[in-house]
Every structure is written in C-alpha cells, then in structure tokens.
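**Student:**
Residue numbers (this note's numbering): 11 to 690.
Structural data, given as structure tokens:
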C-alpha cells in the first residue's frame, strides 16, 4: 500500500485514509469483487478512483446522474487524473476527446450512465478500451423496490460477466434487504468482499418537530442560519415554488427545483447551487443523488419523507465535508395520510406495500422517539451506539408519560371493530362521539365507546401516531388503510409490559445554530477572503467552487496559515497538481504578499527535494561571481537545479551528465553542489 499512500498524498492531497478506506482500496486493487456500504461523505469515490490509478487499463464507473459524473470528472482532471465521461450532456467536442483518449490509452476512468448499457455497441467499446474493472456508484439503484430504482442498473451484472472483470459496488443507503438484492443482481448471488463502514454521521444534528405554522417554522430555521447553504425538501412541486418565494421575500437567496421544470432550468439551479455560497434550494426529491456539494450546512424537511431510508439519504447531503451541519424535519397527520395513500395506491404487491408501511412506521418511530434519535436511527440499520448528544432529544429530554392504559384502550377499540377502520373512526369511538358512521355500525354499544374521554382528540391522534412509530399497529393496504394490530402489541394489550410515549409538545427551531463555529472568530475574515478567491477562480474555470478546494481545505488554510508552498502542501486536499495550479493565489491571500515562485520549484513543494533545491539556489547565488566575487556572472537554470535535486548525482562525472551544466559551471559550482547533494 506504499504506492497507494504516495498517490493519496500527491494526487488527492490527503496525508492518510479515512477509517475503512485503506482496506477497501486494497481489496479493489487486488481485483476482488467488493460491496462497500459507507456513510454519505465517507469517501466512497476515492475507493474506486485510487485503485484505478494503481491498476492497468481503464476503470468504467457506472453512475446515475450526469451532473454527478461531470463534477467528478472535473475534480479528477483538476487533480491531474485522466478521466472522461460519455453522457447525453456531452458536447460533440467532449465526446470526440473521450474517444481519442480511449484510443490512445490515456484514460484511466471512464464514467457513463446505466442507460448507455442498453446500447449494443457499449460492450464492444469497453472491450476495445481495455476495461479491467467496473465501479458502480449508488448501487442501491439496482433494488427494484427502492425509491431510487433505475431499471438499467439491472444490466450491470450482465456487463460484469461479459467483460469478465471485477466489480466494486458502493452505496450509503442499503439495509439488509437491499444488500441481498445487490448481491443477487450485480454479483450473481456470489457474496463479494463486503465492507460495512457504518451509517453514523456524527457531525449532523438531528431534530424533528410537529407542524405548527410550518412555513413560519421553516423561515425561522433558515433565518437562524442566514448565509449558509441549505436544502428544504417539500412533498409537492407547488410547495417548493411557494417556499422558495417566501424565502426570497425574507431576504434569502433562494430558488426552487422539481421534476416539472425544463431540463435547462434544472441544470441552471444545479450549477448555481454548486457555484454559489449561501444559496437555498426548495426542492422535491428530484433534487437528489447528483448533489455532491460538500459544504451544505443544513437540510430541512417541510414535509415527512417517504421512508426512513429516504430520510437518511436526504439528510446525508448535509455536512459532507465533516464540519457541523443541522437538520429539521416537520411532520403532522396530513403527512402521514399522504405517505400512506402513496403506498396504498402504488403498483407494488401486497407484501411490498406492507414492507413500505413498516419503513414509514420506522420513520414515525424516529419522529416520536423518547430517547436519543441517533441511537434509534442507527439501530434500524443494525448498529448500536451510545447517546449522541447531537440531537434535539439529547439537547432537551422529552416530556414522557406512562401510556399503557391509553394504548390498551386504543388496541381494544381496534380489535372490537374487527381491525376494519382507520384512526379517525376509532377516536370517535374512544371519545364517545355518536357520529352517523358510529351509530350505523352500532359501535356506540361497544365496551370501548367513550372510555377515552379523559383525553382530547389531538392527544388521541398523537397516541395513534406514536403507536405506529412503535410498530404496534399498521395500516392494511388491502383493507383501505384499516389499522391492524402487530404481534408486538399483544403483550401491551395483555398488560404484560408497559409503554411510554411522548407528550405532544411543540418546540421552536433552535435559535443558536451549531454550524457557525467553523473557524475561530479571528480566522473568519481570512476564511471569507479564501472563499472569495476560490469563487473567482471557479467562475473563471466554469467549475463548482469545491472542485478548486473544498471548504474543509480552506478552513485548514485559515487555521494553519501556511507561509510557503511547502507548508501549503501539508494542507489536506492540496495535491501536487492543485498546488501547482492554485497554490500561489491562495498563498498570496494568506501571507498578504504575492510571492512569485518559479514553476520548477513549485513542482517540488512539500517534498524533501524542495529543501535541496533551495540550498542549491542559495549556493549558486553566493558563487555567481566566483568565490572572490570578481568572476564572470554564471547561473544554472531552475530546471537544471530541479534535476539536480531529484537525481542527486554523487560525483563530478555524474554532474557532467546533467543537461545545462558545462565544464565552466561545474568548475564554479561543482564542489558546492556535491556537498549539498551529499548532505541531502
């Protein structure tokens, strides 16, 4: 792995791997079939990009969105890696260049959308190109019942067999069922080397709250985070438009995004979000997997997501740079009814609908949790953890009550009505309301009629909602959403175990966000200046700002304040190519002076040879007119000094083989140079 570590530093600018990356890189480099489940922002891309540089041939990367592919290709190109993409968004010139690079054997990574696999010529193209490995990004798209299913992902398994090359699949959102489906469809049922790096994103603060004037709640949440990039997810296209307008009216820079927009308009929003600091996008889930912006500081849900997997993926778009980020999810009875209806009216078979209701119940359980939300979220994915101290319930313990008797009353009403009715009718029975439906069914004669008058209708609605969250009851898709009892409820009904629920309280959004403290107060002006130069360079290059440097790199620059290019090479995310291209303007901002560094010396920045170059240059300057200062002025070119520092000749004969050093210069500088090179 020594070579991997060298490339990690020189190309990607990182001094070490993140947890779990080294093992995955080693397995992929060995040519093993690999399935890696890593949290969003955990560095999945590096796990197939770095092996591609270590292996012969071309690695083809199957990725679901054009925007995501183009961003990764731009970032790789900026780092000096030969990468290209074949997408419907290519210009003719871009496609021609990719084919030329393939023909000449220059390309190391080739990105393409899964839909391209439907083309009959794709396999032949990949064979001719010398593809030696396949990488699949967002591998959960192969799950036919997942919310991101892409039918053409089903072709990837055939491609693997046809090319007879190893395949590495990566995803952040695969529960056990989805993992089994990935193994079946991509690996032919033969288990690959599997790496489960965990689902925890400890830098993301989790919060839920009941809807109470939801527009005002979202506006207040955004106002407390003014100037920070964020996403507001909405259940409908219309709401995304109205919320974006409301945000603009209150002084935010905001726009909307949904699937009903023209393709050019969507691309413009995507480009703006990548390019601009502090932009808010109010969007439907169409604003999805292609969002690779690392410095999104908050994600809010104006409506309840579709499932716990969808929730995890959507909040995972925040804080991908590892810095603190925040989330807020609003929910209410109308959300639950909408999501239930979407499941019931879908085309899935009954067993799948039942599973989807269970996933929604798991999300409701998270929303109505009585303890640490992160513990509950991670337990859904099969992980155990301690309380996180980074969620609203760890911040402020919820008010709870013994709800055993209330839940028993509700379960009794469900059973005595034959598990044939929804919550509204059951609450009427518990409250003793003689509605037309109650009297027509004769339910006023039930023993449970009126036994719940000690609670209000909203309180009963909260009880039923939390019972779903605890998976005590589920709606039956085949009986129009009628509630039925699960096995988990029977011990409660028999009074064998108790149940604790939350009192339905409404809390305002936190007024002091945790995300402002990215740097110390004294470093904030420098960080702003570094962002300004980054924005100017990004606009000139027509690339997203983070392609130049991500926020975490600028933060480290602001904190460590490197005083030279050698020191800047030690900043995370600064590789050799980027240092050569962007080091000087950023260094000028940090030091306050525009120090011109010769390109030959810049190439040695951060390497031991850089110090040798500096000593050779100093010796040359001292001896430029000879030892007595009266001789003819002589110098060697910077390129010659660089070659000396890199090759380190040990005697005068070896010095003579270096281009640019004649007898006269060897006589003048030879012994001094050899002394320096011998010490080095």
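Just so it is clear, CB atoms sit at the ideal spot from N, CA and C, and this is done for glycine as well.
Is it the case that the Cβ atoms of residue 647 and residue 672 are separated by a distance below 8 Å?
**Tutor:** Result no, Cβ atoms of residue 647 and residue 672 do not sit closer than 8 Å.
**Student:** Which of the three DSSP states is assigned to residue 620 in this structure?
**Tutor:** Of the three classes helix, strand and coil, the one that applies to residue 620 here is helix, per DSSP.
**Student:** Closer than 6 Å by C-beta to residue 44: which residues in its own chain qualify, once you throw out the five before and the five after it? Chain order, please.
**Tutor:** For residue 44, where only same-chain residues beyond five positions count, the Cβ hits under 6 Å are 37, 38, 178, 202, 203.
**Student:** With a Cβ-Cβ cutoff of 8 Å, do residue 623 and residue 658 count as a contact?
**Tutor:** No, they are not a contact pair.
**Student:** I want to know whether the stretch 208-216 touches the stretch 58-73 - three or more CB-CB distances under 8 Å.
**Tutor:** The stretch 208-216 is not in contact with the stretch 58-73.
**Student:** Quick one: residues in its chain with C-beta nearer than 8 Å to the C-beta of residue 698, no 5 flanking neighbours on either side, listed in chain order?
**Tutor:** Lying before the first or after the last residue shown, residue 698 is absent from the chain, which here runs from 11 to 690.
**Student:** How is the beta strand (DSSP E) around residue 511 delimited, first residue to last?
**Tutor:** Segment 510-512, the beta strand (DSSP E) holding residue 511.
**Student:** Among 589, 560, 565, 599, which one has its Cα closest to the Cα of residue 543?
**Tutor:** Answer by Cα proximity: 599.
**Student:** Output yes or no for whether 8 Å exceeds the beta carbon distance between residue 242 and residue 149.
**Tutor:** Going by C-beta atoms, residue 242 is not nearer than 8 Å to residue 149.
**Student:** As an exercise, report each continuous alpha helix (DSSP H) stretch of at least 4 residues that is fully enclosed by the stretch 325-376, in chain order.
**Tutor:** 343-354, all fully within the stretch 325-376.
**Student:** Shortest alpha-carbon distance to residue 32 belongs to which of 49, 56, 20, 21?
**Tutor:** The candidate whose alpha carbon is nearest that of residue 32 is 56.
**Student:** Give a yes or no on whether the C-beta atoms belonging to residue 68 and residue 167 are separated by under 8 Å.
**Tutor:** No, the Cβ-Cβ distance between residue 68 and residue 167 is not below 8 Å.
**Student:** Give the DSSP bridge partners of residue 485, in chain order.
**Tutor:** Answer by DSSP bridge pairing, in chain order: 493.
**Student:** With 16 other CB atoms within 10 Å as the buried threshold, where does residue 351 fall?
**Tutor:** Its Cβ having fewer than 16 others within 10 Å, residue 351 is exposed.
**Student:** Measuring straight from C-alpha to C-alpha, what distance separates residue 525 and residue 554?
**Tutor:** In this prediction, residue 525 scores a pLDDT of 44, lower than 50, which makes its location untrustworthy; the coordinate-derived value is nonetheless stated afterwards. Using only the alpha carbons, I get a separation of about 22 Å.
**Student:** Identify whether residue 430 lies in helix, strand or coil by the three-state DSSP scheme.
**Tutor:** Residue 430 falls in the coil class under three-state DSSP.
**Student:** Suppose you measure from the CA of residue 541 to the CA of residue 136; what does that come to, to the nearest Å?
**Tutor:** Cα to Cα, the separation comes out at about 40 Å.
**Student:** Taking buried to mean at least 16 other C-beta atoms within 10 Å of its own C-beta, is residue 11 buried or exposed?
**Tutor:** So residue 11 ends up on the exposed side.
**Student:** Identify the residues that DSSP records as bridge partners of residue 414: which are they?
**Tutor:** BP columns for residue 414 are empty, so no partner.
**Student:** Measuring CB to CB, does residue 369 end up less than 8 Å from residue 314?
**Tutor:** Result no, Cβ atoms of residue 369 and residue 314 do not sit closer than 8 Å.
**Student:** Over the uninterrupted alpha helix (DSSP H) stretch that includes residue 105, give me the two end residues.
**Tutor:** Run containing residue 105: 102-113, per the alpha helix (DSSP H) assignment.
**Student:** Tell me, to the nearest whole angstrom, how far the beta carbon of residue 267 is from that of residue 276; I am working on the premise that it is less than 8 Å.
**Tutor:** So it is a contact: roughly 6 Å between Cβ atoms.
**Student:** Hey, which unbroken runs of the alpha helix (DSSP H) at 4 residues or more fall wholly within the stretch 151-205?
**Tutor:** Whole alpha helix (DSSP H) segments, 4+ residues: 166-173, 186-196.
**Student:** Would you mind sorting residue 199 into buried or exposed? The rule is 16 or more other CB atoms within 10 Å of its CB.
**Tutor:** Result: exposed.
**Student:** Can you name, in chain order, every residue of its own chain whose Cβ lies under 8 Å from the Cβ of residue 80, other than the five neighbours on each side?
**Tutor:** Result list for residue 80: 95, 97, 99, in chain order.
**Student:** Go to residue 265, then tell me how far its beta strand (DSSP E) extends in each direction, as first and last residue.
**Tutor:** From DSSP, the beta strand (DSSP E) with residue 265 extends over 264-267.
**Student:** Exposed or buried, which one is residue 515 when buried takes at least 16 other CB atoms within 10 Å?
**Tutor:** With a pLDDT of only 49 at residue 515, under 50, the local geometry of the prediction cannot be trusted, and no value is derived from it.
**Student:** Note down, in chain order, each residue of its chain lying with its Cβ closer than 7 Å to the Cβ of residue 412, except the 5 sequence neighbours on either side.
**Tutor:** Within the same chain, residue 412 has close Cβ partners 508, 510.
**Student:** Could you tell me whether the stretch 442-449 touches the stretch 402-409, where touching means 3 or more Cβ pairs closer than 8 Å?
**Tutor:** The stretch 442-449, when compared against the stretch 402-409, does not touch it at the 8 Å Cβ threshold.
**Student:** Just confirm the distance between the C-beta atoms of residue 575 and residue 558, as a whole number of angstroms; I'd bet it's less than 8 Å.
**Tutor:** With a Cβ gap of about 16 Å, residue 575 and residue 558 do not count as contacting.
**Student:** Is it true that the CB of residue 296 sits closer than 8 Å to the CB of residue 262?
**Tutor:** No, Cβ-Cβ distance for residue 262 and residue 296 is not below 8 Å.
**Student:** Quick one: is residue 378 buried, meaning 16 or more other Cβ sit within 10 Å of its Cβ, or exposed?
**Tutor:** Label assigned to residue 378: buried.
**Student:** How long is the line joining the alpha carbons of residue 53 and residue 376, rounded to whole angstroms?
**Tutor:** So the two alpha carbons sit approximately 27 Å from each other.
**Student:** Where does residue 205 land, buried or exposed, given buried means 16+ other C-beta within 10 angstroms?
**Tutor:** Buried, by the Cβ-count rule.
**Student:** How big is the Cα-Cα spacing for residue 428 and residue 29?
**Tutor:** Taking the straight line joining both Cα atoms gives about 53 Å.
**Student:** Kindly list the residues whose CB is nearer than 6 Å to the CB of residue 433, restricted to its own chain and excluding five residues on each side of it in sequence; keep chain order.
**Tutor:** Here the set comprises 474.
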